[in-house]
Each structure stands twice: as structure tokens, then as C-alpha cells.
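> Counting from 1, position 302 in the sequence shown corresponds to residue 304 in our numbering; the numbering is continuous, with no gaps. Each residue gets a CB set at the ideal place from its N, CA and C atoms; glycine is no exception. Only a predicted model underlies this, so the values are computations on that prediction, with no experimental measurement involved.
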Amino acid sequence: MEFTDSYKQTGPCCFSPNSRFIAVAVDYRLVVRDTLSFKVVHLFSCLDKISYIEWALDSEYILCGLYKRPMIQAWSLTQPEWTCKIDDGPAGIAYARWSPDSRHILTTSDFQLRLTVWSLVNTACVHVQWPKHTSKGVSFTQDGKFAAVCTRKDCKDYVNLISCHTWEIMGVFAVDTLDLADIEWSPDDSSIVVWDSPLEYKVLIYSPDGRCLFKYQAYESGLGVKSVSWSPCGQFLAVGSYDQMLRVLNRLTWKTFAEFIHVSTVRGPSCTAIFKEVDEPLQLNMSELCLSDEFIQGNSEDSTEGHFRVRYEVTEMPVTLPFQKPLVDKPNPKQGIGLMLWSKDSQYICTRNDSMPTALWIWDIHHLELAAILVQKDPIRAAAWDPTCTRLSLCTGSPHLYMWTPAGAYCVNIPLSEFAITDLKWNSDGSCLLLKDKESFCCAAVPVLPESSDYSSDE
3 MEFTDSYKQT GPCCFSPNSR FIAVAVDYRL VVRDTLSFKV VHLFSCLDKI
53 SYIEWALDSE YILCGLYKRP MIQAWSLTQP EWTCKIDDGP AGIAYARWSP
103 DSRHILTTSD FQLRLTVWSL VNTACVHVQW PKHTSKGVSF TQDGKFAAVC
153 TRKDCKDYVN LISCHTWEIM GVFAVDTLDL ADIEWSPDDS SIVVWDSPLE
203 YKVLIYSPDG RCLFKYQAYE SGLGVKSVSW SPCGQFLAVG SYDQMLRVLN
253 RLTWKTFAEF IHVSTVRGPS CTAIFKEVDE PLQLNMSELC LSDEFIQGNS
303 EDSTEGHFRV RYEVTEMPVT LPFQKPLVDK PNPKQGIGLM LWSKDSQYIC
353 TRNDSMPTAL WIWDIHHLEL AAILVQKDPI RAAAWDPTCT RLSLCTGSPH
403 LYMWTPAGAY CVNIPLSEFA ITDLKWNSDG SCLLLKDKES FCCAAVPVLP
453 ESSDYSSDE
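Following this line, the structure appears as C-alpha cells:
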């Protein structure tokens with residue numbers, strides 16, 4: 003695995019959908035680099051510090067959210083002289099996103115007063131009153147023809163179906179939620195899932211015409227749903243809850259066919275691989291070196307620490323995972339399934355129980371069993387699946403990158419001084435990883451994963 007040099011960043015960084023470019027925010031400047039040569043191909047100056055970046059799906063346009071101003075600026079890679087500035091006046095702009103056609107920008111005003119669709123073609127705009135959320139509550143179909151927008155009026159939640167061609171509201175139906183949390187189209191665009199706030203356990207499946215196809219409620223008392231995600235194949239719906247359980251529903255019958263619990267003491271199954279991150283001191287043979295007393299005395303402190311590498315050690319069961327008891331007197335307790343990601347082939351799903359933040363669980367959906375647990379020294383900051391194969395990467399705020407495949411797990415040391423990975427992203431073709439530090443970033447060229455891969459834990 004090869005790494006680039008580190009480059010400065012002060013905010014968001016992201017690959018273009020076609021994987022050819024990477025956009026980086028550096029204060030008020032938008033820097034666009036080529037992902038192969040890493041040379042700067044475009045440099046745009048915004049009117050204020052950049053808070054948010056999003057590429058259009060055609061990789062031709064980029065929008066920059068200047069939320070302190072508040073304002074949106076958009077830029078074109080094919081026409082660098084072209085500029086676009088969106089200012090919604092007193093209503094303000096709290097969030098912005100691209101439409102699937104890459105020619106419209108959707109903005110949400112402060113206090114969710116309205117959602118506005120701005121056209122880059124004819125400068126027309128369309129308003130949707132009372133959007134439910136700022137950054138959530140909007141979902142597009144896979145073919146990009148329709149959008150589902152959640153609104154709230156008279157203490158009732160509604161779903162608005164909007165045509166992405168004319169931006170007219172095609173239909174509106176009320177949903178049976180107390181306080182709708184979010185919405186997501188199924189991958190085949192045949193149904194819509196909405197779920198309630200943590201105060202009410204409720205997952206609802208609707209058809210596009212507003213018929214309720216299924217209502218799921220695992221329990222009544224206690225905090226409810228924390229995360230929901232469709233599998234890429236569209237056959238499964240995963241629901242992570244505050245009771246530390248992952249439940250998977252079959253889309254054909256809408257029945258729960260798997261329930262996976264996250265316990266602090268793991269005793270089985272025997273086929274589960276437990277990978278534990280451990281420090282391995284570097285054994286340096288210095289017997290034949292002749293060093294002066296002054297050098298040895300000046301470096302005595304440095305020689306006692308820092309000379310080690312990390313690796314995974316396979317641990318036998320039973321194993322007890324570090325557990326943090328959530329505080330009962332504070333809101334939003336750190337418990338339940340806060341991280342939940344499907345693999346590209348929908349065979350695996352990785353989860354993190356927030357009360358055990360150092361453990362990443364990997365479940366095999368085909369065999370309905372726990373495939374592996376990665377036990378880290380530090381809390382897991384981010385994880386991401388390779389978009390082309392079954393390979394998982396994660397980071398913990400340390401100078402190490404961690405990878406898992408069905409063949410095993412391994413650790414990679416970042417050859418950059420004082421670089422701690424706080425976030426990571428794959429590009430669309432799985433050839434490159436973007437690694438973020440607090441004030442810099444780098445990229446890693448990831449080798450293609452062979453079909454019969456045998457990685458050792460100390461690579």
C-alpha cells in the first residue's frame with residue numbers, strides 16, 4: 003500500500019463520483035486535485051470559510067456551503083469562469099444538496115421554514131413549505147426521477163412525492179409517526195421506509211401511493227430505533243436499536259429473520275474470529291553499535307517509548323469487551339447501534355455498539371452468525387466498506403489503518419509523522435482511500451484484492 007504526502011485541509015474533503023478528482027476545503031479556498039498525479043487542477047476562491055462540499059453526480063459541478071454567511075457557491079470544472087451564488091435572504095440556508103440530475107440544488111432554510119429547489123439552467127426556484135429536518139428527511143429514487151420530502155404541519159408528519167423533472171408535488175400522504183426521524187427509498191424504488199424518533203419504537207414501510215405495507219415495533223418501553231439501513235441488494239432492511247440489538251427484516255415477507263445481540267462477554271460461536279489490537283515492541287539489535295555516553299543519555303527517554311508497532315492478535319473465546327455504562331442523567335446516551343454498514347455484496351454488515359466503542363462487530367447474513375470482532379485500543383472513529391469487494395477499513399484516531407477481509411485482518415502503519423486518522427473514505431472504484439487528520443489529509447493507493455487473499459495480521 004502506497005501513501006501520498008500530507009496536504010493541508012480545514013474542512014470537508016471528498017472524491018468526485020467518477021474518482022478522477024478530489025475536492026478539499028482550505029479556509030475559503032476550494033482546491034481540486036487530480037487523484038492520479040495529485041496536482042492542483044482547479045483553485046476556486048469562495049467568499050467565506052467553506053463548511054460543506056458536495057459533488058454533483060456527473061462530477062462536473064461542486065457546491066460549497068458557506069453556512070456562516072449563510073450562502074451557497076457552486077463551481078464548474080468544465081467552465082472555470084462560470085460562477086453561481088445562492089442567497090435565500092432572511093430565511094437563511096442551513097443545508098444544501100444536489101439533485102440527481104446535477105442541474106438543481108436543494109437548500110433548507112433556517113428553522114425548517116422551507117425547502118427551495120434552485121435551477122442552474124433557467125434560474126427558476128420552487129418552494130416546499132415546512133420541511134421536517136435540515137439535513138435529513140429527503141430521499142431520492144435510484145433512477146433519480148422522484149424525491150420523497152418529509153414535512154410537518156399541524157403536529158403531523160407527511161411525505162411529499164416530488165417529480166425531479168418538473169419539481170411538482172405528485173402526491174402527499176400522512177405517516178403514522180410521533181416525530182419522524184428520517185426516510186429512505188428502497189434500492190428498487192418500490193417502497194419507502196420511515197422511522198420514528200428514539201422515544202417511540204416504530205419502523206413503517208409505505209408504498210409510493212401512500213399505503214402502509216408494514217409496521218414494525220420490536221418493543222414498546224425504552225428508547226427505540228437508532229439506525230436503519232437497506233442492504234445494497236434491496237432484500238434486507240437492518241434496524242439498529244438502543245437495546246443493543248441488530249434486527250434484520252426480509253423485504254418479501256417483512257418478517258424479522260435475524261436478531262443479533264451485542265454482549266460484553268462473547269462466548270460463541272466457535273467459528274467467530276476475535277482480532278485484538280496489541281502493541282508489539284520493535285526488537286533492535288544494538289549490541290554492535292558504539293554510541294557516546296552523551297548520545298545515550300540524551301535519547302534515554304525516547305528509547306523507552308514509541309518504538310513499537312501494532313498488530314492483530316487472534317484471541318480465544320470467551321472474551322470480555324470493554325464496556326462503558328451510559329450516564330442516566332444526560333440525554334442521547336452512548337448506547338445502542340450507532341454505526342451500521344452493509345458490504346457491497348450484502349453478505350456482511352458491520353456494527354458498533356456505542357456502549358462498547360472499541361469493538362467492531364462483523365455479521366455474516368448468509369450464515370446468520372457472527373463472523374468476526376475487531377477489538378481496538380481506542381474508540382472507532384469511522385469505518386467504510388470497499389465499494390468493489392468485501393474489504394472493510396476503519397480508523398480510531400491513531401496513526402494506523404485497520405483492514406478486514408473474510409481471509410483475516412491486518413494493520414497498516416501510516417508513514418507520515420504526527421498523522422492520526424480521524425476519518426476515511428473510499429473512492430468509487432475502490433482503488434484509493436482518503437485519510438483525514440485534524441488539519442491535513444493524505445491518500446492511500448489500495449491494491450486490488452485477489453479472490454484467494456491471504457493477509458497476515460502483521461502486514
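1) Based on DSSP bridge pairs, tell me the residues matched to Ser243.
2) Starting from the C-beta of Trp197, find all residues in its chain whose C-beta is less than 6 Å away, skip the five residues before and the five after it, and write them out in chain order.
3) Do the segment 275 to 282 and the segment 366 to 381 meet, that is, are 3 or more Cβ pairs less than 8 Å apart?
4) Compute the beta-carbon to beta-carbon distance between Ser101 and Glu62, rounded to the nearest angstrom, for a pair I have assumed lies under 8 Å.
5) Kindly indicate the opening and closing residues of the beta strand (DSSP E) around Asn465.
6) Tell whether a beta-carbon distance below 8 Å holds between Leu426 and Leu436.
7) Which full runs of the beta strand (DSSP E) of 3+ residues lie inside the segment 391 to 448, going along the chain?
8) Specify the secondary structure class of Asn20 as computed by DSSP and reduced to three states.
9) Note down, in chain order, each residue of its chain lying with its Cβ closer than 6 Å to the Cβ of Ile1, except the 5 sequence neighbours on either side.
10) Mark Leu341 as exposed unless 16 or more other C-beta atoms lie within 10 angstroms of its C-beta, in which case mark it buried.
11) Report the rounded CA-to-CA distance for Asp2 versus Leu403, giving the unit in angstroms.
12) Less than 8 Å between the beta carbons of Gly399 and Thr360, yes or no?
13) Among Cys445, Leu451, Pro452, whose alpha-carbon lies nearest the alpha-carbon of Ser11?
14) I need the straight-line Cα distance from Leu201 to Val33, nearest angstrom please.
15) Starting from the C-beta of Thr80, find all residues in its chain whose C-beta is less than 6 Å away, skip the five residues before and the five after it, and write them out in chain order.
16) For the segment 308 to 322 against the segment 336 to 356, are there 3 or more C-beta pairs whose distance is under 8 Å?
17) Can you check DSSP and say which residues form a bridge with Leu40?
18) Is Trp428 buried or exposed, if buried means 16 or more other CB atoms sit within 10 Å of its CB?
19) Enumerated in chain order, which unbroken segments of the beta strand (DSSP E) with a length of 3 residues or greater are wholly contained in the segment 50 to 134?
20) In angstroms, rounded to a whole number, what distance separates the CA positions of Tyr412 and Leu248?
21) Measure the Cβ-Cβ separation of Ala74 and Ile95 and say whether it is below 8 Å.
22) Take every Cβ of the segment 264 to 278, pair it with every Cβ of the segment 317 to 335, and state whether three or more of those distances are shorter than 8 Å.
23) Indicate the three-state DSSP secondary structure (helix, strand or coil) for Met3 in the structure shown.
24) Whole alpha helix (DSSP H) runs in the segment 141 to 209 with 4 or more residues, listed along the chain?
25) Could you check if Glu420 is buried or exposed, using at least 16 other CB atoms within 10 Å of its CB as the buried criterion?
26) Taking the DSSP output, what are the residues bridged to Tyr9?
27) I believe Ile339 touches Gly242 by the beta-carbon criterion, under 8 Å. Please report the beta-carbon distance rounded to the nearest angstrom.
28) Between Ser188 and Gly236, which are expected to be in contact by the criterion C-beta below 8 Å, what is the C-beta distance as a whole number of angstroms?
29) Would Leu396 and Ala385 be called neighbours here (beta carbons separated by less than 8 Å)?
30) Figure out for me which residue from Cys152, Ser141, Asp60, Thr392 has the closest Cα to the Cα of Asp1.
31) For Tyr244 versus Leu225, is the C-beta spacing smaller than 8 Å?
32) Which one or two residues does DSSP pair with Asn463 in a beta bridge?
Result, derived from the coordinates:
1) Val227
2) Answer for Trp197: Ala183, Val205, Val227, Val230, listed in chain order.
3) Because the criterion of three Cβ pairs below 8 Å is met, the segment 275 to 282 and the segment 366 to 381 touch.
4) About 14 Å separates the two Cβ atoms, so there is no contact after all.
5) It is not possible to answer for residue 465, since the shown part of the chain is limited to 3 through 461.
6) yes
7) Runs found: 394 to 397, 402 to 407, 410 to 415, 425 to 428, 434 to 438, 442 to 447.
8) coil
9) Within the shown structure, residues of the chain are numbered from 3 to 461, placing residue 1 beyond reach of any answer.
10) buried
11) No statement about residue 2 is possible, as the shown extent of the chain runs from 3 to 461 and does not include it.
12) no
13) Looking at the sequence itself, residue 11 is Gln, so the reference to Ser does not match. Looking at the Cα atoms, Cys445 is the closest of the given residues.
14) 43 Å
15) Glu62
16) Under the 8 Å Cβ criterion, the segment 308 to 322 does not count as touching the segment 336 to 356, having fewer than three qualifying pairs.
17) It is Phe, not Leu, that sits at residue 40 in the sequence shown. According to DSSP, which records beta bridges pairwise, Phe40 is partnered with nothing at all.
18) buried
19) 54 to 57, 63 to 68, 73 to 78, 85 to 88, 97 to 100, 106 to 110, 116 to 121, 127 to 131
20) 26 Å
21) Residue identity check: residue 74 is Ile in the sequence provided, not Ala. Yes, the Cβ-Cβ distance between Ile74 and Ile95 is below 8 Å.
22) yes
23) Three-state DSSP puts Met3 in coil, outside helix and strand.
24) Restricting attention to alpha helix (DSSP H) runs no shorter than 4 residues, the segment 141 to 209 encloses none.
25) exposed
26) BP columns for Tyr9 point to Phe443.
27) Contact check for Ile339 and Gly242: beta-carbon distance about 3 Å, within the 8 Å limit, so the pair qualifies.
28) 5 Å
29) yes
30) Because the chain is modelled from 3 through 461, residue 1 falls outside the range shown and cannot be assessed.
31) yes
32) Any property of residue 463 remains undetermined from this structure, which presents the chain solely from 3 to 461.
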